[in-house]
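Take 288 as the starting number for the sequence shown in our numbering and just add one per residue. Right, one structure below, let's go through it.
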Amino acid sequence: MIKSELIQKIAAANQHLYQRDVERIVSVIFDEIVEALARGDRVELRGFGAFTVKYRAPRKGRNPRTGEPVFVEEKFVPFFKTGKELRERLNRNYEPNSK
């Protein structure tokens, strides 16, 4: 699902709201999550999961094309851990695709 599909689903389920208002609500929620992570805060949505930021130390890496060693600078990366309710719903009656 992409952001526009999420907005359409919310708008369809809430006929009393204008689509532009739903777009603004979704954007504000996402912006607040991003701002909280940028500050280093943890964002927890009960039953869904928690977003955190993890520190990655600088290290020596390798260019996969040439095999040449390269220096990878330190960075912060977003991390998502699923909540119990989401994990249970995903695993209830789950049948992997037969490929």
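Even glycine gets a Cβ: it sits at the ideal position worked out from N, Cα and C. Just so you know, these numbers come straight off a predicted model, no measurement behind them.
{"Query": "Please report the distance separating the alpha-carbon of Val-357 from that of Tyr-342.", "Result": "19 angstroms"}
{"Query": "Comparing the CB of Phe-338 with every heavy atom of the ligand FAD, is any distance shorter than 6 angstroms?", "Result": "This structure lacks the ligand FAD, and indeed carries no ligand of any kind."}
{"Query": "Under 8 angstroms: do the stretch 327-339 and the stretch 298-314 share three or more Cβ pairs, one atom per stretch?", "Result": "no"}
{"Query": "Check this for me: beta carbons of Val-368 and Ala-337, under 7 angstroms apart or not?", "Result": "It is Lys, not Val, that sits at residue 368 in the sequence shown. A contact, by the Cβ cut-off of 7 angstroms."}
{"Query": "Let me know the beta strand (DSSP E) ranges lying completely inside the stretch 300-355, each 3 residues or longer, listed in chain order.", "Result": "330-332, 336-343 and 346-349"}
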